Each structure stands twice: as structure tokens, then as C-alpha cells.
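Just so you know, we're using UniProt numbering here: the sequence shown kicks off at 1 and counts up by one. For every residue, glycine included, the Cβ atom is placed at its ideal position computed from N, Cα and C. Just so you know, these numbers come straight off a predicted model, no measurement behind them.
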Amino acid sequence: MDHYDSQQTNDYMQPEEDWDRDLLLDPAWEKQQRKTFTAWCNSHLRKAGTQIENIEEDFRDGLKLMLLLEVISGERLAKPERGKMRVHKISNVNKALDFIASKGVKLVSIGAEEIVDGNVKMTLGMIWTIILRFAIQDISVEETSAKEGLLLWCQRKTAPYKNVNIQNFHISWKDGLGFCALIHRHRPELIDYGKLRKDDPLTNLNTAFDVAEKYLDIPKMLDAEDIVGTARPDEKAIMTYVSSFYHAFSGAQKAETAANRICKVLAVNQENEQLMEDYEKLASDLLEWIRRTIPWLENRAPENTMHAMQQKLEDFRDYRRLHKPPKVQEKCQLEINFNTLQTKLRLSNRPAFMPSEGRMISDINNAWGCLEQAEKGYEEWLLNEIRRLERLDHLAEKFRQKASIHEAWTDGKEAMLRQKDYETATLSEIKALLKKHEAFESDLAAHQDRVEQIAAIAQELNELDYYDSPSVNARCQKICDQWDNLGALTQKRREALERTEKLLETIDQLYLEYAKRAAPFNNWMEGAMEDLQDTFIVHAIEEVQGLTTAHEQFKATLPDADKERLAILGIHNEVSKIVQTYHVNMAGTNPYTTITPQEINGKWDHVRQLVPRRDQALTEEHARQQHNERLRKQFGAQANVIGPWIQTKMEEIGRISIEMHGTLEDQLSHLRQYEKSIVNYKPKIDQLEGDHQLIQEALIFDNKHTNYTMEHIRVGWEQLLTTIARTINEVENQILTRDAKGISQEQMNEFRASFNHFDRDHSGTLGPEEFKACLISLGYDIGNDPQKKTGMMDTDDFRACLISMGYNMGEAEFARIMSIVDPNRLGVVTFQAFIDFMSRETADTDTADQVMASFKILAGDKNYITVDELRRELPPDQAEYCIARMAPYTGPDAVPGALDYMSFSTALYGESDL
Numbered sequence: 001m002d003h004y005d006s007q008q009t010n011d012y013m014q015p016e017e018d019w020d021r022d023l024l025l026d027p028a029w030e031k032q033q034r035k036t037f038t039a040w041c042n043s044h045l046r047k048a049g050t051q052i053e054n055i056e057e058d059f060r061d062g063l064k065l066m067l068l069l070e071v072i073s074g075e076r077l078a079k080p081e082r083g084k085m086r087v088h089k090i091s092n093v094n095k096a097l098d099f100i101a102s103k104g105v106k107l108v109s110i111g112a113e114e115i116v117d118g119n120v121k122m123t124l125g126m127i128w129t130i131i132l133r134f135a136i137q138d139i140s141v142e143e144t145s146a147k148e149g150l151l152l153w154c155q156r157k158t159a160p161y162k163n164v165n166i167q168n169f170h171i172s173w174k175d176g177l178g179f180c181a182l183i184h185r186h187r188p189e190l191i192d193y194g195k196l197r198k199d200d201p202l203t204n205l206n207t208a209f210d211v212a213e214k215y216l217d218i219p220k221m222l223d224a225e226d227i228v229g230t231a232r233p234d235e236k237a238i239m240t241y242v243s244s245f246y247h248a249f250s251g252a253q254k255a256e257t258a259a260n261r262i263c264k265v266l267a268v269n270q271e272n273e274q275l276m277e278d279y280e281k282l283a284s285d286l287l288e289w290i291r292r293t294i295p296w297l298e299n300r301a302p303e304n305t306m307h308a309m310q311q312k313l314e315d316f317r318d319y320r321r322l323h324k325p326p327k328v329q330e331k332c333q334l335e336i337n338f339n340t341l342q343t344k345l346r347l348s349n350r351p352a353f354m355p356s357e358g359r360m361i362s363d364i365n366n367a368w369g370c371l372e373q374a375e376k377g378y379e380e381w382l383l384n385e386i387r388r389l390e391r392l393d394h395l396a397e398k399f400r401q402k403a404s405i406h407e408a409w410t411d412g413k414e415a416m417l418r419q420k421d422y423e424t425a426t427l428s429e430i431k432a433l434l435k436k437h438e439a440f441e442s443d444l445a446a447h448q449d450r451v452e453q454i455a456a457i458a459q460e461l462n463e464l465d466y467y468d469s470p471s472v473n474a475r476c477q478k479i480c481d482q483w484d485n486l487g488a489l490t491q492k493r494r495e496a497l498e499r500t501e502k503l504l505e506t507i508d509q510l511y512l513e514y515a516k517r518a519a520p521f522n523n524w525m526e527g528a529m530e531d532l533q534d535t536f537i538v539h540a541i542e543e544v545q546g547l548t549t550a551h552e553q554f555k556a557t558l559p560d561a562d563k564e565r566l567a568i569l570g571i572h573n574e575v576s577k578i579v580q581t582y583h584v585n586m587a588g589t590n591p592y593t594t595i596t597p598q599e600i601n602g603k604w605d606h607v608r609q610l611v612p613r614r615d616q617a618l619t620e621e622h623a624r625q626q627h628n629e630r631l632r633k634q635f636g637a638q639a640n641v642i643g644p645w646i647q648t649k650m651e652e653i654g655r656i657s658i659e660m661h662g663t664l665e666d667q668l669s670h671l672r673q674y675e676k677s678i679v680n681y682k683p684k685i686d687q688l689e690g691d692h693q694l695i696q697e698a699l700i701f702d703n704k705h706t707n708y709t710m711e712h713i714r715v716g717w718e719q720l721l722t723t724i725a726r727t728i729n730e731v732e733n734q735i736l737t738r739d740a741k742g743i744s745q746e747q748m749n750e751f752r753a754s755f756n757h758f759d760r761d762h763s764g765t766l767g768p769e770e771f772k773a774c775l776i777s778l779g780y781d782i783g784n785d786p787q788k789k790t791g792m793m794d795t796d797d798f799r800a801c802l803i804s805m806g807y808n809m810g811e812a813e814f815a816r817i818m819s820i821v822d823p824n825r826l827g828v829v830t831f832q833a834f835i836d837f838m839s840r841e842t843a844d845t846d847t848a849d850q851v852m853a854s855f856k857i858l859a860g861d862k863n864y865i866t867v868d869e870l871r872r873e874l875p876p877d878q879a880e881y882c883i884a885r886m887a888p889y890t891g892p893d894a895v896p897g898a899l900d901y902m903s904f905s906t907a908l909y910g911e912s913d914l
């Protein structure tokens, strides 16, 4: 056979060269090789839907020979000649031999003419060359040659089995136990090895060959009788047969590895898709809540009553304390989930997650900004409305009180002015009527101020948009019309009395003097009663003290008023004495006034009773204002502690995020303990909320004891919780990056130290002088370009940092690195981008090509994969995942139901669309 073996064959078969030459004309050798090589060829040709029957005849036209080479190599050969002439056949065989030679195999003494003429020995030699090149040459175990590697593989697999000692590829296989041991080692359920006997080789061989053909898809290449009946079986036939076992079992192992890789990739993809769905739902719910809440906050329609407005204020407090805080947490959690998802996608080489339109983080932030803009000023508007309604209620009550007093005074005045009693009166009666009328006019003038006050109050109620303004206006208009009518009637009666006055000469001066002094005093008492019963509203102790001072001044006038009362009563008593003395017929009444001594005394007594009531009211109001002042001081004291505490914690978190020491887990533990200490401070915030509620319920609108409002404290507290949560999330993402990329803690510390090396002032940024000093220390000559303090490295900062870590910073290399860490070309490098770059340089990750190669193994080297193959090799849920997303395969070698795993693999990594 050495006359047609290739050079590689000589390398593989050097030890048996002499024996092969002796066996060259052995018919048993030719029979075994013919059967084995025919079965081996058919095991590959059946993939193309054909086979051979006679190995020297069926390859003569070169067509099936070219097809065999295409199947086993996976490559396309030159187009064959379809003619039936000898020259066409020789051309086809030469194309096949040229292809074999192109694979590095040197053919010796094998020509196309011998194959076309059906030379058995040459044909078998050519097939052996093909088997060596495509089935055995690539077998290598511990860097051995193909034959030695295959032999070593057999020895290792059969080592645990008794009575099996594989030393060669001929007599070591005659008893059949070697074949059975290989099958049992990989598929123990197929053979009961314990029942096999070394003295029954035919049974052993037939069992192995039948099981291999039925369960392992290895065609039967030899007959057990030929092996047992030959002193030394043909080595090439045995090697060919054994290599089929090697490929069958090594292929299963590759398929398992490929399936595991695909499962891992698909599990990551499924987890990421679940995170995306969760983000979309949470973002949608939060945006819907904002959409419903903004119109409520923008509604500035005022209510008509204090109760309704106070209910609105209570609803707003519930919103700030109960409804909004959970949404603040949801918003913060949404940002954390988004950042975590993006980190996981980067770590698994997936494209960045792009939320649905309108659900980006920026969209949520914009909507949140609109919410806070609508919320801004809403509470202030509520308080202003409450003040306005309080003022309106006070004015309305004052209007009703003054109107009632005036209406009571005017009751019957028109009828009195229309009387014509002067027509039948005596002279003295006429004079009395005239004087009485003068007193009425004096009284009327005294009431002018009250009418003007009523009109002014009505006007103010109109300007403040009082809800019951129509009834107020109607009542005011009625009073004004009546007042005008009283003026006209008064003028008309005076004219009538003055015409009659010429007929009357005498008038009782005492009654006149009584009337003149009693009327003003009566008016003063009515005014005093009105003032003593007047309601008041104050917001500070100083205002109460002002009212108290005015009240004390009023009490100081009471002795003089009492003297005037006694003087008036003395006039009346003098009249009574004169009447009794001179028996004057005055009918017992003063013709000049209707004010009686009893009325004066009654009103005086009423005034004396109202004074202590007023004292008590002012005392109670003074106590209430003192209580309010204590509430202000209590709130101010706590707010002046909590406000600076929140600011201090914010600054400490800023320093912690820059000056982290120890492992990332230590940093994370420290941050969580820090977060716990912050959360434990929440009862003090709640206590301050309770004090704030007491202040609002007491209708306290200002506080000179602190510059902090409850809103300042709420916003600061929410920012503090958000900041610590984001800092913890940043460290968690760094842990994810470290674990996913296999970065050691020392490497992570080195990355952090390199980044912070230039941040000497611990501000999270590099100053111009620091950056300049850094580059000079590395041998660079740098100008005094200004640096921006942004908390991130700019382009030059990052270059200096990389040089300090040993990177070669040529312009092209630096441009490549910047395209990775700064894809948006912002000119700055964040620490997270720096970590991603360093981890990418030090770790390996799955790629689309690796996944594609794994699918190719499962598909048996085909360019497509079938549904049955996916379901056989992958777990059910991931197999269905692939089937649902793979596009149909449309290549020239497509079969019904073929799926395109190549486009699916690239789509997993964002290189195409699913």
C-alpha cells in the first residue's frame, strides 16, 4: 500500500510499514477495507441523500467523489462536468484530487486515470488518504499525532475495564471487548458489560456493532466473522471504525458544552428581558400617577367656606406625607433598576436598553419636574385663601352686626318723620317738636359714620370676591336708600316745623338741654357697646397688647362718662321737680327726645357689664398668642437642628463616595450601616411634622425663630435618602462589574487608587494645577489649560491616568480607548466608564461568534438547525425561546423547517434585529 499512501500516511503508519507491504495482496485485507471504507463513505454521503454500492465503480465518474469531499469538508468544489465521456470523468476526478492536495496532502502515485479505470487498490488508497485527512488527522490527545492520539484516547477510555488492553489497531480488538468498553464508558445503559465473555468474540463484536448502528448512528463497517477469522485484522479498517466512535462520543461532549453555553446566554437574555418589562411597568405606573396628580395640584378654584378650604389643606398634607413619599421612592428605585439593567447589559455585551417612547429616565424626570412645578405654591395659595376667607367671614359678621344695629335704629323713623302732629299742637308742643327734631337731626348725623362704615365694608367684601356679595349689596343698597329717604324726610319736616315755629314762642329749656346732652351720651354708649362687642382677629402678642392698651384707655374715660350721666339725670330730675312744684302739664314725657333716664341707666349698666367680658376676651386671646409663640419656638428649635444635620449628612455622603477604603463589600456594608443610621433619624422628622401640623392647625403663618420651613426639611430629607441609595447602587454596580469580569479586589483597589491619585482635595474632580502636576510627573509638557470641576475625568485626565497604569498612549490607541469610554464624545470620563474599560481589558466574555459556533456544533456542522435538534439539545423553555425567535433559513441547502441560527446569534448581541 505504500505506493499510494500520502506523506502524512507514512508519518502515521511508520511502525507497520513492512507488515502493510506484506499484506498488500491479502484478499482478507481487501475485503475488510472495501467494506469499512464503503460504510464510512455512505455515513457521509447519506447527508446529501445518496450512497455508493461498489467503491471502485461508483467513484469512476468523479461526481460522488466530489460530493463526498464537499460533505466532509463543508466547502464547495469547482463545478463538475456532467458529460459521460472519459475526459469528463478524468476532469471530475482531478478536481477532487486537486482539492485533496489543497488541504496539504501530498498524493503519491494516485492518478485520475486509475480511479476512472476502477483500480481497486488505487481507489482504496485514495479513500484511506481522505479518511486520514478528514477523520483522523485532527485527533490529538496531549499533543500526540493522529494515530497515537486516537490510540491514547482508546487506552484511557478502556482503562477501567478488565480483560481490555488496547496496544494497537489490529489484534487488540479481535475479542470485541474494546468496542463494547468504549460504548459502555460513554453510554452504560446500552450494554450490560458484566455479562460479556472474552472467549465469545463473535457475540461481543456483533453486540458492539449492532448497538453502534442502532443508537450511535455509526454504520456497520466490518463483519465480526472477518475480524475473528483473520489472524491480524486490517489496521486501517479498525482505525476507520474506531475514529467513528471517537467522533460520535467527542461530538456528544461538544454538543453538551455548546448547549450549556447557549443556556447561559439565553438565561442572561431572559433575565434582562424580565428587567426591561419590570422597568416599563413601573415607569408607566409612575407616569400615570403624575398625569393624574398634576391637574389636581393645578386646580386653583377657591371654595366659599373655611371648612372646605381647610379640607383642601388637609388633603394636600396627606398628599405630601402619605402619597408622594412612596412615589419618590418608586422614582429612585426606577433609576436604580435602570442603572443596574444597563450595567448587566454592558457586562454581557448586550446593547443598551432603550425604553419605550415617553418612558425614558429623562421623560420621567421631566414629568416629575412638571409635578413639582404644579405643587410649588399650591400650599401657599391654600393658606392665602384661608386668610382671605377668614377676613371675609370677619367682615361679613361685622357688616351684619352694624347693619342690624342701624336697621334697629331706623325702625319707625320714617313713620315718625311723616307725622303731622304739629298741626294740632300747642305752642309749647310745637317748640318741643322743633327741638325734638333738632335732636333727631343730631342723632341722624351721629349715625352717618355707621352708614359709611356699612358701605365701606360692603365695598371691601365685593373687592375680596365674597361669595354672598349679592345679598350684602342688596342689604347695603336698602340701607343707603332708606338713609337718603330719611334725609329727605328730615329736611321736609324741619321746613314744616320752622313755618309753624313763628306761631310758637315758648319752649322748655330744660327739656331741650336734656335732649341735647342725652342724645350724644346715648350715641356714645351705643358706640361703646358696639366697640365692646366688636370681634377682633390678631396674629401676634403685640397686636393683643395694642387692643388691651386701647381698652384700658377706654376704661379710663368711664368716670367722666359717669359724671355726664349723673348730670343728664340731674336735668331730668330738675324737670320733674319743676313739674311737681308748678304742676306743669307735660304728660310726663320729654317732648324733645325719646331717650328716657331708664334707657340711659339701662345702657350704662350694659356698658359696665360688657367691660369685664372684654377684659376676659383679651386675656384669653393673649394666652392663645402665647401658646402660638411657644409652638413657633418649639418648631424653630427642632428645625434649626434637623436642617444643618441633613446638610452635614449630605456633605459626608459626598466625601464617602470619593474616599472609599477597604473592599467593595466593606464599603457597601459601611454605606448600608450609614443608611440605617439615617433611616433611624426618621422619628425626628415625623416629630417635626407633628409640630408643623399643630402650627398650621393654629393658623400660624410666620415664624421669626427659624429660616427653615417644613418644605425645606422635606425636600432635604428626600434628597438625603435618594443620595445614599444612589451611592449604594454605584458600589453594587461596581461589585457586579468586578464579579462578572473576574476582577480581583487588588485590581479594583488599583483602579480606584489610579482614579483618585490626582484628586488630592477629595472633591471628586481634578483641579487644573493637580492635573498639570500629574502630567509633568509622567514626562509631559502641559500648558495651563483650565480644568472643569465636574466630578469626572476629561480626555487629558483619562490619558494621564492610563499612562500612569502602563498603557501605551499613541494617538490612534488613545482614540480607540476614548471611543469605548466616551461613546457620546462629551470629553469626560466617569469612574464607572473607567471601571468598565479596565474590566473589559482584563476579562473575557461571550461573543456572537462563540454562540454561533456552539449552534453549529448542535446542528452537525450544517448552516441551519432544525426544531428537533433544538428540542433534543436544549432545555424545554430555552428551546422554545429559540424556536419562537429564529427566522426561517433561506440558504441553497435549506430543508423544510430549517431555522437560521446565525442571524439569531448576532441579534443576541445587538448586531442585527431579531
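So is residue i buried or exposed if we call it buried at 16+ other beta carbons inside 10 Å?
i	result
M221	buried
N680	exposed
M85	exposed
N204	buried
H627	exposed
M354	exposed
E113	exposed
N573	exposed
I537	exposed
G690	exposed
R714	buried
R359	buried
H170	buried
Just the C-alpha distance for residue i and residue j, rounded to the nearest angstrom, thanks.
i	j	result
I430	E495	13 Å
residue 922	Y161	Since the first residue of the chain shown is 1 and the last is 914, residue 922 is not available in this structure.
S404	L395	14 Å
N272	E665	24 Å
M66	L45	11 Å
L371	K327	12 Å
G897	N863	13 Å
I52	N119	16 Å
V731	L688	33 Å
I646	R391	38 Å
N339	N299	36 Å
W717	K682	9 Å
L671	A258	41 Å
D192	Y215	15 Å
T36	A146	19 Å
D421	P559	40 Å
I865	N269	20 Å
residue 919	T906	Given a span of 1 to 914 for the chain in the structure shown, any question on residue 919 remains unanswerable.
L151	F179	13 Å
If you follow the alpha helix (DSSP H) that residue i is part of, which residue opens it and which one closes it?
i	result
G229	Careful: G229 lies outside any alpha helix (DSSP H) and carries neither H nor E.
D223	Unbroken run through D223: none, as it is neither H nor E.
T706	First-last for T706: undefined, no H or E at that position.
I183	177-186
N522	509-533
K684	682-697
A159	Segment: none, A159 is in no alpha helix (DSSP H) and carries neither H nor E.
Quick one: what's residue i bridged to in DSSP?
i	result
L899	I865, P888
Can you tell me the Cβ-Cβ gap for residue i and residue j, rounded? I've got them flagged as a contact below 8 Å.
i	j	result
K413	L486	6 Å
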